[in-house]
Amino acid sequence: MGTHDLWVPMKFLFGMPTDEPYDREEEIKTLTEMIRRKQPTVIVGVRRIGKTSIILKSVKNMESPKIFLSAKEFVEGKSFDLQSFLSAYSSLILSEFLRVIDPKIRIPQTIKIRGRELLDTLRELVGYAKIRLNIPLTEVELFLDSFKKASFREGVAEIIELPQRLAEEFSLNFTIIIDEFQYLRLASQNYPGIFHLLRSKWQLHDRVAYVISGSSVGLLERTFSKKTEPFYQFFYPIYVERFRSDVSISFLEQGFSDEGREVEYDAISLAVKELDGIPAWLNYFGLKSISCKRVTVSCAKKVLASLNEDPLIRNIVLDEYRKFGKNARIILKFLASVGGEGKLRGIDISRSGVNEGIKSLLNDGYIERRERGVYKIVDPVISKLIPTIV
Ligand SMILES: Nc1ncnc2c1ncn2[C@@H]1O[C@H](COP(=O)(O)OP(=O)(O)O)[C@@H](O)[C@H]1O
Ligand SMILES: [Mg+2]
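Take the sequence shown: its letter number 162 is residue 1620 in this note's numbering, and every next letter is one higher.
Structure follows, in structure tokens:
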């Protein structure tokens, strides 16, 4: 298999990550190198900026086993279903190992299922590995047993060792990617010390590369850069930023050209001013504009105006807005009403309310702190839509 990709025309794509992201060569090179070194790495960036796409491309041509899972899927209200997470984690690790070691086998679906069914799948995989490949899987068995014997703690500790044990056994390297990692924090409520445990084990795993990522920028940063945190100075950070405006422009130009559309520079420039280098929105703009034969300024204006009415986008924004507490919502509304960026002077909540709201918005990566007292809503589409939906 070659290591370089053949040239393929660029296609605008919305709603799922791409494994051919535009202009992310630096980030991909760095991540690939960190994985090769087994250097734990964190990919930090706001929603829709392209974190998952960078990860997908970095591991695309990697032949050694790798798994990708998102901690977000195991959040239930304010708590975290650690048992399902660990069942999925070990099922994925096992099935990926089996796939690499014995490519002919059929592997049960493990990602979309939960609870009881997931445990059964795991049991099936363990049985399979024991019989077919004679792999000793005491770790997983202990974990499975622990539900009966109230020795869950021990089971957890053993599961964390699984990838390293298997990698040693078969002289392989393994890559583990956990997206939206900050949600694992919630597991500490029922399982205090989970991060300490993870770090103490992970730092000895010389055959496993750990990559985490997340969009709750503030929370994630605290996890790896605060002295009192278990993961302090553990991860090498890769920050994923918005496209610079010249990059956004060439992204759209190339996209339209590959789609066989002529464009007016002013049309593209208008879109870039409004969408501010967020790849997901640039793609959406691209998709909506290919219905114009020629992407003129008037086509671009129409498309941009239609973004505000678009139910798909309104739902995304509304869903995210609803998750916030009262203070955060008031702050978002206030900032949106002054064009997305400004001071919070004159806002109608108490000082402590402002502080609480700011903290939660910073933690979750929805606003950025500019110069003293000035805050900015990160996503221009959110900023634009909020006044029209609430
Ligand atoms: N560099 C890029 N080039 C082209 N499209 C991109 C790029 N980065 C992201 N996208 C697109 O934007 C959307 C969001 O990307 P994704 O990787 O899922 O972001 P994140 O994981 O940060 O939320 C996806 O539809 C993806 O295809
Ligand atoms: Mg993602």
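For glycine and all other residues, C-beta sits at the position ideal for the given N, C-alpha and C.
It should be emphasised that the depicted structure is a prediction, and the values quoted were computed from it without experimental measurement.
### Message
Nearer than 7 Å: is that true of the beta carbon of D1777 relative to any heavy atom of ligand 2?
### Response
no
### Distance cut-off 7 Å: Y1697 Cβ against heavy atoms of ligand 3
In the structure shown, ligand 3 is absent; the only ligands present are ligand 1 and ligand 2.
### Query
Expressed to the nearest angstrom, what Euclidean distance is found between the alpha-carbon atoms of V1757 and K1731?
Position check: residue 1757 holds Cys in this sequence, whereas Val was assumed. Straight-line Cα distance between these residues: approximately 15 Å.
### Query
How is the beta strand (DSSP E) around R1827 delimited, first residue to last?
I1825 to R1827
### Beta bridge counterpart(s) of Y1694 as assigned by DSSP
T1499
#### Entry: K1775 versus L1843 - alpha carbon distance
Looking at the sequence itself, residue 1775 is Val, so the reference to Lys does not match. Straight-line Cα distance between these residues: approximately 7 Å.
### Task
Pick out whichever of R1780, G1804 and A1615 has its Cα sitting closest to the Cα of S1658.
A1615
### Query
Just the Cα atoms here: how many angstroms apart are E1687 and V1675?
16 Å
### Query
Using the C-alpha atoms, what's the distance from R1506 back to L1620?
32 Å
### Query
Where does T1681 land, buried or exposed, given buried means 16+ other C-beta within 10 angstroms?
buried
### Query
Counting along the chain, where does the beta strand (DSSP E) carrying D1637 start and finish?
F1632 to D1637
### Message
Please list the terminal residues of the continuous beta strand (DSSP E) segment that includes Y1833.
### Response
V1832 to I1835
### Query
Looking at P1479 and ligand 2, is the gap between the Cβ and the nearest heavy atom below 7 Å?
no
### L1591, DSSP secondary structure in three states
helix
### Query
Using DSSP with H/G/I as helix, E/B as strand and the rest coil, what is F1792?
helix
### Query
Can we count K1842 as close to ligand 2, meaning its CB is less than 7 Å from some heavy atom?
no
### Task
Note down, in chain order, each residue of its chain lying with its Cβ closer than 6 Å to the Cβ of K1509, except the 5 sequence neighbours on either side.
I1501, G1503, S1671 and V1698
#### Entry: Reduced DSSP category for L1544 - H, G, I as helix; E, B as strand; rest coil
helix
#### Entry: heavy atom of ligand 1 below 7 Å from I1486 C-beta
no
### Message
ligand 2 and P1475: does the residue's C-beta get closer than 7 Å to at least one heavy atom of that ligand?
### Response
yes
### Task
Rank V1812, G1797 and G1798 by C-alpha distance to the C-alpha of G1804 and give the top, closest one.
V1812
### Length of the line joining the Cα atoms of N1592 and E1627
11 Å
### Query
Near S1703, what residues of its chain come up, given a Cβ to Cβ distance below 7 Å and the 5 sequence neighbours on each side ignored?
V1730 and G1735
### Message
Give me the DSSP bridge partner(s) of I1670.
### Response
V1500 and I1636
### Task
May I have the straight-line CA-CA distance separating F1849 from I1789, to the nearest angstrom?
Examination of residue 1849 is not possible in this model, given that the chain is present from 1459 through 1848 alone.
### Query
Which whole-angstrom value is the C-beta distance of T1754 and E1722, which I expect to be below 8 Å?
5 Å
### Query
Which one or two residues does DSSP pair with L1753 in a beta bridge?
Before going on, a small fix: residue 1753 reads as Val here, not Leu. DSSP lists V1721 as partners of V1753.
### Task
State yes or no: is the C-beta of D1477 within less than 8 Å of the C-beta of S1511?
yes
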